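Have a look at the structure below, then the notes.
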Amino acid sequence: MSDQAQAQSGDLEQRLSGFAGQSSGESSEGPDEVNQAMIRHWVEAMGDTNPVYVDDAAAKDAGFPGVIAPPTMLQAWIMRGLRASQDVEAARAAGTAQGDGPTDRLMSMLDEAGFTSVVATNCDQHYVRPLVLGDRVSMTSVIESVSAEKSTGLGVGHFISNRLDFTDQHGESVATMRFRILKFRPRTEAASGAESTGAPEATARPKRPRPSLTQDNRFFFEGTKEGNLLIQRCSGCSTLRHPPRPACPTCRSFEWDTVKSSGRGTIYSYVVNHHPKVPAFDYPLVVALIELEEGTRLVANVSGIASDAVVIGTPVQARFETFDDELTLPVFHPVDGSDIGDTRTVTESKGAH
Amino acid sequence: MAPGTLYVEDVAEGDEAPVRSHVLTRTDLVAYAGASGDYNPMHHDEVIATASGQPSVFGHGMFSMGLLGSALTDYVGVGNVRRFQVRFAKQTWPSEKLETKIVVTGTRNEAGEHLVDLDVRLHNADGEEKVVGQATAVLASRS
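In the order they appear, the protein sequences are chains A and B. The first sequence begins at 1361 in our numbering and counts up by one. The second sequence begins at 180 in our numbering and counts up by one.
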């Protein structure tokens, strides 16, 4: 990445993080009170035939004051409607959505930066009480967080977490909802020669294989999720070891703790994998043995360097790539200033020890 | 609290809720778009969806969550769900048969209430998981 591109990206990250904590301000009231017609359409769409949603007598038999709304219908009560949605989309496309709330401005900013696609990743609803006919629902929203740029199976993007607070006509809380989306730049390098469409082709991409977690290695993968590269350390003689195992090979102690690696190291050895192609990976795939400056070695992917330009001894730095909700792994990139354009192309790989 | 269809004395870890299954159609997606107010064209406009590289339109995440929600309320009783939390793992596609799997992971007492925790999942006929999450509901007691 050029210094300029890096500066711009840093600037964007700074502007994005400024959205965290911003509220929609005044609560917005849903256009209609909780009503039978909307509930009927919704339960018909869902195929839910529970009578408490449509039959007053059945609802009273079940102990409710009358017909209630289905819990997961929550958001429908505050949707702004088709025309208003289209107006907002048009304004956003025209770049004139600045006067709208923070969420619209955040979405516009990400659109402009090329993160044009969106996918919902998580939804968490808490229900205080069932909504009944005649309730008038209002909502306020807060942008809880905007993540730094993350690599995902869909492409590079930012996770946005919103909290929505729903209240009734008396100002009492009826429900809260956390909603997390990924606003991402669709991958343009389609796999295996498929024509590039700029689409999130990777939506159907299989996940990377899971590590087999044990009581010995679990700390490593939990560490990577937090962006920490941890090394096992013997509590007896302080010798570092990797890969994780129960006993110290030096003093045989079973007691251990961990230290955080700087993530700096050098390429000790590597192979370039061309075949067979496993769909979860991009090829050519550089698999390297990295010697960390702390002294231990680990196997990891190398990125940010052409596969035919990898050189043993190249200084590298760990970054953390999130492949899916369960898997974050260190991927090593050449450190700035290292000569990645080196023409001494290594065509044979040194066997790992 | 509304009378539950399920009593805490009748629930044990590992119990499974009756399975709810549904074959997704484009008509479902159109009906859901109108009923929910979510008009993202990727869910109902085949031309726009395929032009964006998708194989076809695909289901709303909240439709999947709603299917699971129906299976959940069928089991624990409407009005008893306190928390319902999901991760959208995969897109759903027209003509896929979607099935729920809800398993009791435990019961507990909190502030004088009987709560049940459940692992909730929605998968297709090949076992591919579409939605994965947890729910907590309040249960009635016979005592």
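Built from N, CA and C at the ideal position, the CB exists for glycine as well. Predicted, not measured: the structure shown is a model, and the values here were computed from it.
Contacts that residue i makes with chain A (C-beta to C-beta distance below 7 angstroms)
| i | result |
| --- | --- |
| B:D207 | A1405 |
| B:D193 | Note on identity: in this sequence residue 193 of chain B is Gly, with Asp being the wrong assignment. Ordered by position in chain A, no residue passes the 7 angstroms Cβ test against B:G193, which lies about 22 angstroms from the chain. |
| B:G358 | Absent from the model: residue 358 of chain B. The displayed extent of chain B is 180 to 322, so no value can be given. |
Partner residues on chain B for residue i, Cβ-Cβ distance less than 9 angstroms
| i | result |
| --- | --- |
| A:Q1435 | S215, G216, D217, M241 |
| A:N1410 | S249, T252, D253, V257 |
| A:I1650 | Within chain B, no residue comes near A:I1650; the closest Cβ sits about 31 angstroms away, beyond 9 angstroms. |
| A:P1569 | None at all; the shortest Cβ gap to chain B is about 16 angstroms. |
| A:P1636 | Within 9 angstroms Cβ-Cβ: nothing; A:P1636 doesn't reach chain B, min ~22 angstroms. |
For residue i, the residue or residues it bridges with in DSSP
| i | result |
| --- | --- |
| A:M1537 | A:Q1485, A:L1524 |
| B:N288 | B:H293 |
| B:Q264 | A:D1484, B:Q313 |
| A:T1618 | A:Q1592 |
| B:K276 | B:V202 |
| A:H1518 | A:K1543 |
| A:L1600 | A:R1593 |
| A:E1393 | Its beta-bridge partners do not exist; DSSP assigns none. |
| B:L318 | B:H293 |
| A:V1492 | A:I1428 |
| B:I281 | B:V299 |
| A:Q1479 | It is worth fixing the name first, because residue 1479 of chain A is Val in this sequence and not Gln. In DSSP, A:V1479 forms a bridge with A:L1542. |
The beta strand (DSSP E) enclosing residue i, as first and last residue numbers
| i | result |
| --- | --- |
| B:L294 | 292-302 |
| A:H1693 | 1687-1694 |
| A:V1662 | 1657-1662 |
| A:Q1592 | 1590-1594 |
| A:D1642 | Premise fails: A:D1642 is in no beta strand (DSSP E) and is neither H nor E. |
| A:I1672 | That residue, A:I1672, is in no beta strand (DSSP E); it is neither H nor E in DSSP. |
| A:Y1628 | 1624-1633 |
| A:I1503 | 1498-1506 |
Run of the alpha helix (DSSP H) containing residue i, from where it starts to where it stops
| i | result |
| --- | --- |
| A:T1584 | 1578-1585 |
| A:P1675 | Element bounds for A:P1675: not the alpha helix (DSSP H) but the beta strand (DSSP E), 1675-1684. |
| A:A1418 | 1416-1421 |
| A:L1652 | No alpha helix (DSSP H) holds A:L1652; the beta strand (DSSP E) holding it covers 1645-1652. |
| A:D1464 | 1462-1472 |
| A:E1449 | 1442-1454 |
| A:I1399 | 1396-1406 |
Chain B residues whose Cβ lies nearer than 8 angstroms to that of residue i
| i | result |
| --- | --- |
| A:C1594 | Correct list: empty, because the minimum Cβ distance to chain B is about 37 angstroms. |
| A:M1439 | S215, G216, D217 |
| A:P1604 | Correct list: empty, because the minimum Cβ distance to chain B is about 27 angstroms. |
| A:I1428 | V257, G258 |
| A:P1639 | Near A:P1639 there are no residues of chain B at all, since even the closest Cβ is about 14 angstroms away, more than 8 angstroms. |
Proximal chain B residues relative to residue i, where beta-carbon distance stays under 7 angstroms
| i | result |
| --- | --- |
| A:S1445 | Y218 |
| A:L1442 | Y218 |
| A:F1379 | Residues of chain B passing the Cβ test: none, with the nearest at roughly 22 angstroms. |
| A:P1462 | Correct list: empty, because the minimum Cβ distance to chain B is about 20 angstroms. |
Beta carbon of residue i nearer than 8 angstroms to that of residue j
| i | j | result |
| --- | --- | --- |
| B:E278 | B:S200 | yes |
| B:K276 | B:A314 | no |
| B:M221 | B:A212 | no |
| A:L1493 | A:V1394 | yes |
| A:G1390 | A:V1479 | no |
| B:R261 | B:A316 | yes |
| A:I1428 | B:V257 | yes |
| B:V323 | B:G312 | This structure cannot speak to residue 323 of chain B, because chain B is shown only from 180 to 322. |
| A:F1539 | A:T1512 | no |
| A:T1626 | A:T1656 | no |
| A:S1629 | A:S1613 | no |
| B:F263 | B:L251 | yes |
| A:K1567 | A:T1682 | no |
| A:T1574 | A:Q1592 | no |
| B:Y218 | A:L1442 | yes |
| A:I1650 | A:V1632 | no |
Beta-carbon neighbours of residue i, restricted to chain A and to distances below 9 angstroms
| i | result |
| --- | --- |
| B:Y211 | W1402, A1405, M1406 |
| B:R177 | In the structure as shown, chain B starts at 180 and stops at 322, and residue 177 of chain B therefore has no counterpart that could be examined. |
| B:G285 | Within 9 angstroms Cβ-Cβ: nothing; B:G285 doesn't reach chain A, min ~19 angstroms. |
Under 8 angstroms by beta carbon: chain A residues contacting residue i
| i | result |
| --- | --- |
| B:R261 | H1486, Y1487 |
| B:H201 | G1407 |
Go through the segment 181-241 of chain B residue by residue and report every complete run of the beta strand (DSSP E) that reaches 3 residues or more, in order.
If one requires a minimum length of 3 residues, the beta strand (DSSP E) runs lying completely within the segment 181-241 of chain B are 200-202, in chain order.
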